[in-house]
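Asker:
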Amino acid sequence: MIEPASPLPPGTVGPDFELASTPSQKVSLSEFRGQPVILAFYPEDWSPVCSDQMALYQEVLPEFRKFNAELMGISVDGVWSHLAFAKDRNLHFPLLADFEPKGEVARAYRVYRANDGTSERALFVIDADGIVRWTYVSPVGVNPGADGILRALENLGTEDGK
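Mapping of the sequence shown onto our numbering: residues 13 to 174, in sequence order.
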């Protein structure tokens, strides 16, 4: 029996990382300090549910940006797969390659699926100070949608009096 994922809980500092977004560019979590960040871990490029999920986030991106939030998709696929997938699906947010060492960031966020060699379908909303404020792990075959992310972004201002 496979244990369910136990993602980093709200109130935890989001582990910093640096992952490739293109063959010549890397993105780190710390460079977005001062604004909310949405981390969308997904199992793999090209799968039907992942394709639908990322297409939905592209559609909802203007709503995320109203909160000054940066969206990043993360999977264990390589950067070339991400570039082709983003171009094919018309995605305009970074897809980060948690490729080598495989799943290192997914492991740090406690959402790596060792039996499959992929990550869970997991969402994290991290506040401007780098603290995880909301997490959700969806069944791998289910698109988690965007409502939870939007609610979490709306609630960011109420938690710390900003």
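Backbone N, C-alpha and C fix where the C-beta goes; we use that ideal spot for every residue, glycine too.
Using the Cα positions of N127 and S93, report the straight-line distance between them to the nearest angstrom.
Answerer: If I take the Cα positions, the gap works out to 22 Å.
Asker: Would you tell me roughly how many angstroms separate the C-alpha atoms of K174 and L83, rounded to the nearest one?
Answerer: Annotation note: pLDDT 39 at K174 (below 50); position unreliable, coordinate value reported separately. Cα-Cα distance, rounded: 21 Å.
Asker: By the DSSP assignment, the alpha helix (DSSP H) with S18 in it spans what residues?
Answerer: Premise fails: S18 is in no alpha helix (DSSP H) and is neither H nor E.
Asker: Sort K78, V88, P113, L68 by Cα distance to L103 and report the nearest one.
Answerer: L68
Asker: Please list the segments of the beta strand (DSSP E) lying wholly inside the region 45-96, counting only runs of 3 or more residues, in order along the chain.
Answerer: Qualifying beta strand (DSSP E) stretches, in chain order: 49-53, 82-87.
Asker: Within its chain, find whatever has a CB closer than 6 Å to the CB of V144; leave out the 5 residues flanking it on each side and keep chain order.
Answerer: L20, P22, T24, G26, F136, I138
Asker: Expressed to the nearest angstrom, what Euclidean distance is found between the alpha-carbon atoms of S63 and R101?
Answerer: 7 Å
Asker: From which residue to which residue does the alpha helix (DSSP H) around V176 run?
Answerer: Residue 176 lies beyond the range of the chain shown here (13 to 174); nothing can be said about it.
Asker: If you draw a straight line from the alpha carbon of S42 to that of P35, how long is it in whole angstroms?
Answerer: 20 Å
Asker: What residue from I86, V39, F105 has the CA that sits closest to L74's CA?
Answerer: The question names Leu, but residue 74 in the sequence shown is Pro. Answer by Cα proximity: F105.
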